[in-house]
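Structure record follows, encoded as structure tokens.
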Amino acid sequence: MMQGTRELNISCVLLAAGSSKRFGASNKLLAKTGSVTVIAKTCRLLQQFSFQEFVIVLGYEHEKLRAQLSPDAHTIVNHHYYKGLASSLRCGITSLSKSCDGILIHLADIPFVKRNTIQTLLDNFQLEQGAKICLPVYNNKQGHPVIFPVYFKNELTTLSGDTGARDLIRTYSEKVMKIEVTDKNITIDIDRKSDLNQKMEGTQE
1 MMQGTRELNI SCVLLAAGSS KRFGASNKLL AKTGSVTVIA KTCRLLQQFS
51 FQEFVIVLGY EHEKLRAQLS PDAHTIVNHH YYKGLASSLR CGITSLSKSC
101 DGILIHLADI PFVKRNTIQT LLDNFQLEQG AKICLPVYNN KQGHPVIFPV
151 YFKNELTTLS GDTGARDLIR TYSEKVMKIE VTDKNITIDI DRKSDLNQKM
201 EGTQE
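Below you can see the structure in the form of structure tokens.
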């Protein structure tokens, strides 16, 4: 770490509340990727990091999803998940009880992101001392996860609809640090069963 800088505390909110309508009759987060479910794979990735807090927002079929997670996982239930992604984001952020410098937001249906990609985001957020939104980009396409400085906390809780934080990123483009990565998995989300079959080639590193 550079002299004069301090170690930042970053919390994590994982959004896993959606009803996955396009996936068919079953819940996409309960689909298997290898020997584990999609939600378990995403959680295991994030659990490799020392976040100040790690909150998982459940909603649709929350009891089934909770059964896929470790007993000590911190979960909350958004009973209004049908109102869109923003409602789950609000639930997750308002549930954070400890002070932090930034909030990493990830989507549970993006399970193949590589560990070193997330570490790169964390390192860049540290270098900027929490001043910029750290956004991964692959071939000019934005992906997840995204780290927001804590000063965006209030605005993140006032979003609405199903666009998540995309509008916020557009509004504050001068506060965004786009980080080019070689990990195409930041853009790979599981929406349909064909997606999962096609994207099983994604692996963690």
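Last residue of the sequence shown: 205 (the numbering used here), numbering continuous.
Glycine included, each C-beta is placed from N, C-alpha and C at the ideal position.
Item: Which listed residue (I186, L135, G130, H106) has its alpha carbon closest to that of L46; Value: H106
Item: Outcome for P71 when other beta-carbon atoms lying within 10 angstroms are tallied against a minimum of 16; Value: exposed
Item: Extent of the continuous alpha helix (DSSP H) to which F125 belongs; Value: 115 to 127
Item: L110 in three-state terms, based on DSSP; Value: It should be pointed out that residue 110 corresponds to Ile in this sequence rather than to Leu. The answer is coil: DSSP assigns I110 none of H, G, I, E or B.
Item: Option nearest V181 by Cα separation, candidates R166, T163, Y151, N139; Value: N139
Item: Paired residues, beta bridge with Q48 - DSSP; Value: In the DSSP output, where bridge partners are listed per residue, Q48 has none listed.
Item: Between the CA atoms of L15 and S95 - distance to the nearest angstrom; Value: 13 Å
Item: L78 versus S160 - alpha carbon distance; Value: The question names Leu, but residue 78 in the sequence shown is Asn. Their Cα atoms are separated by approximately 14 Å.
Item: Beta-carbon proximity list for N9, same chain, < 6 Å, skipping 5 on both sides; Value: Q52, C100, D101
Item: DSSP three-state assignment for G82, whether helix, strand or coil; Value: For clarity, residue 82 is Tyr in the given sequence; the question names Gly instead. It is helical.
Item: Spatial neighbours of E201 in its chain, beta-carbon cut-off 8 Å, leaving aside the 5 residues before and after; Value: Note that E201 scores a pLDDT of 49, beneath 50, so its modelled location is shaky and nothing firm can be said.
Item: Nearest residue (CA-CA) to A86, options K178, K28, N154, E7; Value: N154
Item: Straight-line Cα distance separating R6 from T163; Value: 33 Å
Item: V181 - DSSP class collapsed to helix/strand/coil; Value: coil
Item: Alpha carbon of A40 to alpha carbon of Y60, nearest angstrom; Value: 16 Å
Item: Contact set for I169: own chain, Cβ-Cβ below 7 Å, skip 5 residues either direction; Value: I133, L135, V176
Item: Unbroken beta strand (DSSP E) run spanning I76, endpoints; Value: 74 to 77
Item: Chain-order list of residues whose beta-carbon lies under 8 Å from that of G130 (same chain, five-residue window excluded); Value: L8, D101, G102, P149, V150
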